[in-house]
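Asks:
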Amino acid sequence: MKKIILLATVAVAAMIASAQAHACSNVIITKGASADGSCMVSYAADSHMLFGELYFHPAAKWKAGALLDIREWDTNKPLGQIAQVRQTYQTVGNMNEHQLIIGETTWGGREEQADTTGVMDYGSLIYITLQRARTAREAIQTIVALANEYGYPSEGETFSIADTEEAWVMDLVGKGSGNKGIVWVARRIPDGFICAHANQARITRFPWNDPENCIFAPDVAQFAREKGWYSGTDEDFSFRDAYNPLDFGGARACDARAWAAFNILCDGQFTYEQAGQEITRPASDWLNYAMGYELSGEMPLFVKPQRKISVKDVADVMRDHFEGTPMDMRVDIGAGGNACPYRWRPMGFTVDGKSYVNERAIATQQTGFWFVAQARGWLPDEIGALIWFGCDDAATSYLTPVYANTKEVPECLREGNGDILHYSASSQFWINNRVTNSCYRMYDAMEPVVRAQVDEFENRMMSEAVPQMDARMLKIYNGNGRRPGRKCAVRKIRRELTKFSVGTAQEQFGKWVALEQMLLVKFIDGNEKAQDADGRFLHSEYSDGIPRELKYHGYNDRWKAAVARDNGAILEHK
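Counting from 0, one number per residue, gives the positions in the sequence shown under numbering that gives the first Met the number 0.
#1: Near M459, which residues of its chain fall below 6 Å by C-beta distance, leaving aside the five closest residues on each side in sequence?
#2: Since N416 and S423 should fall inside the 8 Å C-beta cutoff, what is the C-beta to C-beta distance between them, to a whole number of angstroms?
#3: Helix, strand or coil: how does DSSP classify F368 here?
#4: Give a yes or no on whether the C-beta atoms belonging to A384 and E103 are separated by under 8 Å.
#5: If we ignore side chains and look at the alpha-carbon of each, how far apart do T503 and D443 end up?
#6: Using only the alpha-carbon positions, how far apart do A241 and P217 sit?
#7: Would the beta-carbon of V40 fall within 8 Å of that of S159?
#8: For F192, which of R564, A43, E277 and N357 has the nearest alpha-carbon?
#9: Taking only three categories from DSSP, how would you classify G553?
#10: Below 7 Å CB to CB, which residues in the same chain sit around T115 once its five sequence neighbours on both sides are set aside?
#11: Specify the secondary structure class of G347 as computed by DSSP and reduced to three states.
#12: Among G291, V501 and G389, which one has its Cα closest to the Cα of C253?
#13: Please report the straight-line C-alpha distance between I214 and A138, rounded to a whole angstrom.
#14: Count Cβ pairs between the segment 56-74 and the segment 372-389 that sit closer than 8 Å; are there 3 or more?
#15: What does the Cβ neighbour count give for W343, buried or exposed, with the cut at 16 atoms within 10 Å?
#16: Whole beta strand (DSSP E) runs in the segment 138-186 with 3 or more residues, listed along the chain?
#17: Who does T90 pair with in a DSSP beta bridge?
#18: When you compare the segment 338-358 with the segment 70-81, are there three or more beta-carbon pairs, one atom per stretch, that lie closer than 8 Å?
#19: Starting from the N-terminal side, write out each stretch of the beta strand (DSSP E) that is 3 residues or longer and does not extend beyond the segment 213-249.
#20: List the endpoints of the continuous beta strand (DSSP E) containing R485.
#21: Whose C-beta lies closer than 7 Å to the C-beta of W207 among residues of the same chain, with five residues either side of it excluded?
#22: Ordered along the chain, which non-local residues of its own chain (more than five positions away) have a Cβ less than 7 Å from that of L124?
#23: Can you list the beta strand (DSSP E) stretches of 3 or more residues lying completely in the segment 354-418, in chain order?
#24: Once the 5 residues before and after W285 are set aside, which same chain residues still bring their CB inside 8 Å of it?
#25: Are the CB atoms of G367 and F50 nearer to each other than 8 Å?
#26: Can you check whether the CB of A135 is closer than 8 Å to the CB of D162?
#27: Just to confirm my understanding: we take P466, look at its own chain, exclude 5 residues before and 5 after, and list those with CB closer than 6 Å. What are they?
#28: Are the CB atoms of Q507 and E410 nearer to each other than 8 Å?
#29: Quick one: what does DSSP say F205 is sitting in, helix, strand or coil?
#30: For A200, which residues of its own chain have a beta-carbon under 7 Å away from its beta-carbon, when the five flanking residues on both sides are left out?
#31: Provide the residue span of the beta strand (DSSP E) that contains E277, from first to last.
#32: Need the endpoints of the beta strand (DSSP E) that G102 sits in, please.
#33: Once you ignore the five residues that flank A82 on each side, which residues in its own chain have a CB closer than 7 Å to its CB?
#34: State the CB to CB distance for the pair T399 and G389, rounded to an integer number of angstroms; the pair is presumed to be in contact (CB under 8 Å).
#35: Over what stretch of residues does the beta strand (DSSP E) that includes C194 continue unbroken?
#36: Starting from C438, follow the alpha helix (DSSP H) in both directions and report where the run begins and ends.
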């Protein structure tokens, strides 16, 4: 199939609108599907205006009658006030001290469903719920209660919600101005299965009599009937079809990313449940669906991988550009002469009156921050809550481990250390952008150098440093064979977790500063200087300031052929 496809103008417009306005990707792993028994949620917060920093809110007690100011997460616009609760839990990023994780992707929905008078925007729902709930089920109840009491001004959302035992996917959308609250449905992901979503409502039909595994708003179908968006029975009701009907853009720019995650983690075979039976089919059966060509072949909400999924597996899925598929972003002329798998916005373009689109992959240049969070139930909450956190484009950035019971966050990730308009030399977001934007100019040569550094750090952290830290903290928690005062042990654990989280992040930040400098020297002006096994540049026998050898990468054959077709009459050597 051709990589760049010609489509009807309306379909292109739908894709552009869908992908430009909202661009996040989530993967959810149940504990039965994970290699270590943790529940995992990954999230890329993709926005051209979002800064990468690690939000930190210590646990606190509040006076009776205290009020909380609400500001819209995307814009910082004041929305109003809500009643504060007497006690809030500590949160680090999108995880709290009790191992609750919440991520999201926005999908818009019908324009008239936004409540312009509402107070609880989707970002506030996430971060306030993390401060108030201990489990996934509590989180769902809290989200619903807040939205229904104070109104919901945002667009449609899919939330990933997980604790140490359960993982849920939740679709929700407002009821419009003058009709406070949300319609919603939440489904528990069967243990041993995984889920993924990316800016398209994912829940279609759902069970109406299984409250252990599926809960929903009492009027979820009736509200759609009243609006004229649905006329059938409850049992045939599809949340997606009523509130976020699938079109080309929803499939190609959004569900295609969920398909890609499933394809990678399930090794090209989708195993899913249907009528109480497990069915296995090749992922390619849904390729035309993912590409927007055939929208009737509904993709499974949950699939079962045949191998256990590690945290590194999930991290690497977040680095995908559709490699090895017909949508592979490295192989058409849009990748330039050095196979760069990125396309600058806007996503659509017109040539000679014909409209075309570029892909939207999981990894993208405009990521503010991203993470893989683990709820590890075999460890006490004081140790088990762990978030692997990164900034900027996932493909060429690293995840650093931060325990959610830390007493502080690293300076390189601190809120206020720079922003999207103000550069900070001590900010992880900005140094990662320097490295990543360097790679974009000679991607096929530079990305492997950066990726080797990423893999070395993450593999060492995941296989050695974090397990060793866990074991040492668990020994303190259990009293080294004695029966310590629990408060004393927890205080010591928190000091040690803080030292590890901050020290590791700052050390790796320093290495990334050095990496950016090395990339400049190594690849300046489109050539490559040789290094020895220890990273020292090789120099001539006469001067340590003159390179011994240079490599000239030039451009790939596809690019050279395109240039010859475009300007061969001028460039041809006679």
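Don't be surprised by glycine CBs; every beta carbon is placed ideally from N, CA and C.
Replies: Per the coordinate set shown:
#1: First, the residue type needs correcting, since residue 459 is Arg and not Met in the sequence shown. Same-chain partners within the cutoff: there are none.
#2: That pair is a contact at about 5 Å.
#3: Looking at F368 - three-state DSSP - the assignment turns out to be strand.
#4: The answer is no: Cβ separation not under 8 Å.
#5: One alpha carbon belongs to T503, the other to D443, and they sit about 29 Å apart.
#6: Distance from the CA of A241 to the CA of P217, rounded to the nearest whole angstrom, comes to 15 Å.
#7: The criterion of a C-beta distance shorter than 8 Å is satisfied by V40 and S159.
#8: Among R564, A43, E277 and N357, the Cα nearest to that of F192 is on E277.
#9: DSSP, reduced to helix, strand and coil, places G553 outside both helices and strands of the structure shown, so it counts as coil.
#10: The answer, listed in chain order, is P152 and S176.
#11: Three-state DSSP puts G347 in a strand.
#12: The shortest Cα separation from C253 among G291, V501 and G389 belongs to G291.
#13: If I take the Cα positions, the gap works out to 13 Å.
#14: By the Cβ criterion, the segment 56-74 is not in contact with the segment 372-389, since fewer than three pairs of Cβ atoms, one from each stretch, lie closer than 8 Å.
#15: Classification for W343: exposed.
#16: Whole beta strand (DSSP E) segments, 3+ residues: 155-161 and 166-173.
#17: DSSP, once it has assigned bridges, lists H56 and N95 as partnering T90.
#18: At 8 Å Cβ cutoff, the stretches do not touch.
#19: The segment 213-249 contains these whole beta strand (DSSP E) runs: 213-215.
#20: Unbroken run through R485 is the alpha helix (DSSP H), R485 to F522; no beta strand (DSSP E).
#21: Within the same chain, and ignoring the five residues on either side of W207 in sequence, the residues whose Cβ sits closer than 7 Å to its Cβ are D233 and E234.
#22: Answer for L124: I142, L145 and A146, listed in chain order.
#23: You should have 366-374, 384-390 and 399-402.
#24: So the list reads W258, F269, G296 and M298, once near-sequence residues are dropped.
#25: Less than 8 Å divides the Cβ of G367 from the Cβ of F50.
#26: Result yes, Cβ atoms of D162 and A135 sit closer than 8 Å.
#27: No residues qualify anywhere along the chain.
#28: Their beta carbons are not under 8 Å apart, which means Q507 does not touch E410 by this criterion.
#29: Looking at F205 - three-state DSSP - the assignment turns out to be coil, as it is neither helix nor strand.
#30: Only W106, G155, T157, D170, F238, R239, Y242 and N243 meet the Cβ criterion.
#31: Counting along the chain, the beta strand (DSSP E) containing E277 begins and ends at Q276 to P281.
#32: I100 to G107 is the extent of the beta strand (DSSP E) around G102.
#33: If we look at A82 and ignore the five residues flanking it on each side, its Cβ neighbours are L66.
#34: T399 to G389, Cβ: 7 Å. Contact.
#35: For C194, the uninterrupted beta strand (DSSP E) run begins and ends at I193 to H196, by DSSP.
#36: Its alpha helix (DSSP H) spans residues Q427 to R440.
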